[in-house]
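Asker: The structure under discussion is supplied below as structure tokens; questions concerning it will follow.
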Amino acid sequence: MPISDLIVPTRKSNIKSVFFGGKGGVGKTSSAASAAVRLAERGYKTLIVTTDPAGNKLSDVFEQTIGSEVKPIEGVTNLYGIEIDAKKASEEYRERVLRPLRGVQSEAFIKTLEKQLGSPCAEEMAAFDKFIDYVEAREYDVIIFDTAPTGLTLRLLELPSAWSNYIGKTATVGGMTCIGPAGALASYKERYDRAMRTLTDTKTTAFILVLTPEATPISETERAMKQLNVLGIKVAGLIVNSVIPKQACEGVPFFLKRYEMQQRYLNHIYNRFNGIEIAEAPLLDTEIKGLKTLSQFAKILYEQNNPIARERT
Amino acid sequence: MKMDTALLIPKRGGEKRIFFAGKGGVGKTVVAAATALWTARKGFKTLIISTDPASPLSAMYEQPIGPTIVPIKAVPNLYGVEINPKKTFEEYKERILSPVREVYGEDLMQMFTGQLDSPCTEEMAVFDKFIDYVEEGNYDVVVFDTAPTGHTIRLLDLPSQWSEYIKNTSSASGITTMGPIESLADSKKRYDKAIAIMSDTEKTTFAFVLLPEALPIYETERAVKDVGEWGVKTSLYVVNMVLPKDKCEKSSFFKKRWEMQQGYLAIIKEKFGGGQMLHLPLFETEIKGLRTLEKVANTLYGG
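As you go down the protein sequences, you meet chains A and B in turn. One point on numbering: in the working numbering, the residue at position 238 of the first sequence is 287, and numbering is uninterrupted. One point on numbering: in the working numbering, the residue at position 267 of the second sequence is 271, and numbering is uninterrupted.
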């Protein structure tokens, strides 16, 4: 099944969530944003969500302000976007946990909790909590997640199991955890377990890793895949981005040499990840920014007329 | 702009720490490895530290480098070490827990272990290890191939938050001996000292590596601001993978990309004008091994 089919709901797959992972700078956002544009153009009501704490990536790539509330993306019907603001989410989350305790517990107790809930630990937790809302949102046909760089993503994904273990362990102890009283968290654990079930369901969720044909991204992809497997998550496909088109190098030995280097790494990728869907995305002569370029990039990457993919098969 | 070598060289009798920050894939390790090679060649006893689990330093210097400091055989004055984040995390956990274990009951121990098992402690542990080297003192120059982000720095006072929490709740739990907990409070002093060193531009050079493209520029801008909030000033920017003009003349495809890069280089100059700016051209091969590293060092800093 080509990558293009992995992200599109079919009677067989009923894909609802698509995650783009990979290390920073490989083109995750371009791949995710162009997938979102393509799906919307094909008539699917699509939401694109970024959980990157680095900030306004989506606004940058769509060249319009998006922000932390769901907003229709101008210029494409059916397309909506949101940038999860970890700081804001953390404040909301803290308030939600603390509200039932105010007036019931001592001032000193609330103060300690408040401090602990202000830790970055809780911030990531809150971002994930917010993100679960979208995993479970029913009003969209497909939700695209432009996830954070590898390490952070994995940690974010590990959170539900880590926290629920922790909640299970400490619920009987002091009744206190770093994110709130264990009682209030019991319902959260259930929520995370549900999210984990969604994440591991290959019929409704597609996990795609993006990389470039170079040594470090390849070994990072291997590692990321292993860590996802531990959590029960299977990677459905790989996008190899920034592949230099041969005709752009003709007559220039300098670029031909880089082209050949990439081709060697590409062969390595096909051997190493045998059995996983792989799509190649060419380096373009422009940046992938703005709706027009996103739509063009999507046509090359997600449609059958991908010239490089054809050449190889 | 002419290279200000004071960014790399310690004051007489002093020590220089050089941190390379930047998002993944921009070439931090290459630039760090070349910088360490350059200072070692200039006669400064240099240590390079990497936290990348993929062991990139071993490939750069063509010899195995592990979790204990080893001399780089081919380069006098140069030493290297690779920190394994997972192992460091385990050691850190044990160090924090052992003083507590002696004094407190099973219940509280379980709670502490639970808190430390939280995935966001790993970053803290790595920075904690960094601090050992920040305070090192045996080298003239210490090069870090990665840098703490504003996010990591924010994590640092967590142990002192715990000590605060325990103090607040100790009367309820019937705990009287505060000794071990004071050691948690002490860790704050250690962090404060490290941040003070990092904010001292005479002792520390904080550098960002970036690419001449829109998203990396925005991200660098945010990250610079983020560490700036902790008093850490960025004084060096290395723009990597700059297309060489002469190579692009014969290819309309690359000529267009060259023009695009030139536009971004102008934006970079405008946005980050306060620091030293260096350009590293795209090389025709991968940068691996001492010979190419030597070329990178010379291109960046001169012979």
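All C-beta atoms, glycine included, are put in the ideal place defined by N, C-alpha and C.
1) Please confirm whether Leu-41 (chain B) and Ala-301 (chain B) have their CB atoms less than 7 Å apart.
2) Rounded to whole angstroms, what is the Cα-Cα separation between Gly-200 (chain A) and Pro-80 (chain B)?
3) Give a yes or no on whether the minimum CB-CB distance between Tyr-222 (chain B) and chain A is below 7 Å.
4) Is any beta-carbon of chain B found at less than 7 Å from that of Gly-300 (chain A)?
5) Between Gly-31 (chain B) and chain A, is any beta-carbon pair separated by less than 7 Å?
6) Roughly how many angstroms separate the alpha carbons of Val-130 (chain B) and Lys-20 (chain B), rounded to a whole number?
7) Where does Tyr-137 (chain B) land, buried or exposed, given buried means 16+ other C-beta within 10 angstroms?
8) I think Val-191 (chain A) touches Tyr-93 (chain A), with their Cβ atoms under 8 Å apart; what is that distance to the nearest whole Å?
9) In this structure, does DSSP put Asp-54 (chain A) in helix, strand or coil?
10) Please classify Gln-311 (chain A) as buried or exposed, where buried requires at least 16 neighbouring CB atoms within 10 angstroms.
11) So, is Gly-300 (chain A) buried or exposed, given that buried needs 16 or more other C-beta atoms within 10 angstroms?
12) At a cut of 8 Å, does the region 134-154 of chain B reach the region 29-46 of chain B through at least three beta carbon pairs?
13) So that I know if they touch, is there some Cβ in chain B lying closer than 7 Å to that of Ser-268 (chain A)?
14) Express the C-alpha separation of Tyr-96 (chain B) and Gln-276 (chain A) in angstroms, rounding to a whole number.
15) Under 7 Å between C-beta atoms, does Phe-257 (chain B) make it to chain A?
16) Which of helix, strand or coil does DSSP assign to Phe-24 (chain B)?
17) With DSSP collapsed to three states, give me the class of Gln-280 (chain B).
18) Mind checking who Asp-195 (chain A) pairs with in its DSSP beta bridge?
19) From what residue to what residue does the alpha helix (DSSP H) around Leu-340 (chain A) run?
20) Just to make sure I have the definition right: I need the residues of chain A whose C-beta is within less than 9 Å of the C-beta of Ala-36 (chain B). Which are they?
21) Taking beta-carbon pairs under 7 Å, can you tell me which members of the region 301-331 of chain A lie near chain B?
22) Measure the Cβ-Cβ separation of Ser-139 (chain A) and Ala-175 (chain A) and say whether it is below 7 Å.
23) Say yes only if the C-beta of Ser-268 (chain A) is nearer than 6 Å to one or more non-hydrogen atoms of the ligand MG, and no if none qualify.
24) Please tell me whether Val-213 (chain B) and Val-242 (chain B) are closer than 7 Å, where the distance is taken between their beta carbons.
25) Tell me the DSSP secondary structure of Ala-220 (chain A) in three-state form.
26) Report the neighbours of Lys-260 (chain B) on chain A: residues whose CB is nearer than 8 Å to its CB, in chain order.
27) In angstroms, rounded to a whole number, what distance separates the CA positions of Thr-247 (chain A) and Thr-254 (chain A)?
28) Is the beta carbon of Thr-238 (chain B) less than 7 Å from the beta carbon of Gly-279 (chain B)?
29) Among the candidates A:Val-75, A:Val-67 and A:Asp-54, whose CA atom is the shortest distance from the CA of Asn-290 (chain A)?
30) Would you say Asp-334 (chain A) and Phe-257 (chain B) are within 7 Å of each other, going by their C-beta atoms?
31) Below 8 Å on the Cβ atoms is my contact criterion, and I expect Met-264 (chain B) with Glu-336 (chain A) to pass it. Report the Cβ-Cβ distance as a whole number of Å.
32) When you compare only the Cα positions, how much space is there between Glu-290 (chain B) and Phe-69 (chain A)?
33) Any contact between the region 243-256 of chain B and the region 197-206 of chain B? By contact I mean 3 or more CB pairs, one from each, below 8 Å.
34) When the Cα of Lys-65 (chain A) is compared with those of A:Ile-52, A:Thr-95, A:Lys-120 and A:Pro-121, which residue comes out closest?
35) Could you tell me which of B:Ile-271, B:Asp-250 and B:Pro-216 sits nearest to Val-30 (chain B), measuring between CA atoms?
36) Please name the residue or residues paired with Phe-212 (chain B) in a DSSP beta bridge.
Answerer: Reading from the atomic positions:
1) yes
2) Since pLDDT at Gly-200 (chain A) reaches only 43, below the 50 mark, its modelled position is unreliable, and the value read off the structure follows with that caveat. Roughly 35 Å between the two C-alpha positions.
3) yes
4) yes
5) no
6) 20 Å
7) buried
8) 5 Å
9) helix
10) buried
11) exposed
12) yes
13) yes
14) 22 Å
15) yes
16) strand
17) strand
18) A:Phe-69 and A:Thr-99
19) 340-351
20) The contacting residues do not exist; Ala-36 (chain B) stays about 14 Å from chain A at best.
21) Val-301, Phe-303, Phe-304, Lys-306, Arg-307 and Met-310
22) yes
23) Looking for the ligand MG in the displayed structure turns up nothing, as the structure carries no ligands at all.
24) yes
25) Its pLDDT being 46, under 50, Ala-220 (chain A) is placed unreliably by the model, and nothing is read from it.
26) Asp-334 and Thr-335
27) 7 Å
28) yes
29) A:Val-75
30) yes
31) 6 Å
32) 26 Å
33) no
34) A:Thr-95
35) B:Pro-216
36) B:Ala-25 and B:Tyr-241
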